[in-house]
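Quick notes on the structure that follows.
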Amino acid sequence: MPFTRFVETGRVAKCAVGKYKGRLVCIVNVIDQNRVLIDGPTSGVPRQQYAVNHLHLTKFRVRFPHTARTRVVRDALEKFDLRKKFEETRWYERSVAKAKRFSMNDFDRFKLRIARRERNRIVSRQYQKMKKVVVSNGMLFGKPRKGTKPLPPKREKKPEDAAKKKKKKKVEKAPKKVAAKK
Numbered sequence: 001m002p003f004t005r006f007v008e009t010g011r012v013a014k015c016a017v018g019k020y021k022g023r024l025v026c027i028v029n030v031i032d033q034n035r036v037l038i039d040g041p042t043s044g045v046p047r048q049q050y051a052v053n054h055l056h057l058t059k060f061r062v063r064f065p066h067t068a069r070t071r072v073v074r075d076a077l078e079k080f081d082l083r084k085k086f087e088e089t090r091w092y093e094r095s096v097a098k099a100k101r102f103s104m105n106d107f108d109r110f111k112l113r114i115a116r117r118e119r120n121r122i123v124s125r126q127y128q129k130m131k132k133v134v135v136s137n138g139m140l141f142g143k144p145r146k147g148t149k150p151l152p153p154k155r156e157k158k159p160e161d162a163a164k165k166k167k168k169k170k171v172e173k174a175p176k177k178v179a180a181k182k
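Numbering (the UniProt record's numbering), first residue to last: 1 to 182.
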């Protein structure tokens, strides 16, 4: 799939470094290959120049004229409903989860560990039950084990058969020959 997130007028980006880290801004103008003019009227970022390598470009692009005023950018962002669209992305969900993990205290981490342990026990028990059924049917990991028919039930050993196996015939050994003395 070709690259589609270009540095261009109207591209929405997220500040990665500095005072405005984590805020959504719009690229208003490209100054040179390393710097752009950004504006974030809905997120509280004033119009300023910003390094391109300090921005994370998003998939969103808002349509407005080249070097538009802040008022025009604000109207375009509100019409585009950027905040709602960004909150539907996996990027936003991951950042919220990361912030939640970061804000956990020691007791929260302990509770999480206990909950994970309990969840894994439940999953493991259910997996073992399912595996037992599959193995008894002669199927393991979706492939037939011995033909496509299920295996016949195992026969129980009779006590007579067990007694017969225990009896062993005694083999008589020939007496040792003693060499005669001369």
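Don't be surprised by glycine CBs; every beta carbon is placed ideally from N, CA and C.
Being a predicted model, the structure only gives us computed values, none of them experimental.
Taking only three categories from DSSP, how would you classify residue i?
| i | result |
| --- | --- |
| Arg155 | coil |
| Ile122 | helix |
| Val12 | strand |
| Lys132 | helix |
Please identify the residue among the options whose C-alpha is closest to the C-alpha of residue i.
| i | options | result |
| --- | --- | --- |
| His66 | Lys158, Leu24, Val28 | Val28 |
| Gly22 | Leu112, Lys98, Phe3 | Lys98 |
| Val72 | His54, Arg47, Asn137, Lys131 | Arg47 |
| Ser43 | Arg83, Met130, Met104 | Arg83 |
| Lys59 | Asp106, Asn105, Tyr127, Phe3 | Phe3 |
| Leu77 | Glu87, Arg63, Thr89, Glu88 | Arg63 |
| Leu57 | Phe86, Met1, Arg74 | Phe86 |
| Tyr20 | Met1, Asn34, His54 | His54 |
| Val45 | Phe80, Val12, Val25 | Val25 |
| Val135 | Arg119, Pro152, Lys157 | Pro152 |
| Gln49 | Ile31, Arg61, Lys14 | Ile31 |
Using the DSSP secondary-structure output, state which residues sit across from residue i in a beta bridge.
| i | result |
| --- | --- |
| Asp39 | Cys26 |
Where in the UniProt domain "Large ribosomal subunit protein eL14" (46-120) do unbroken runs of the alpha helix (DSSP H), each at least 4 residues long, occur, reported from the N-terminal end onward?
Fully enclosed alpha helix (DSSP H) runs of 4 or longer: 70-80, 82-87, 90-102.
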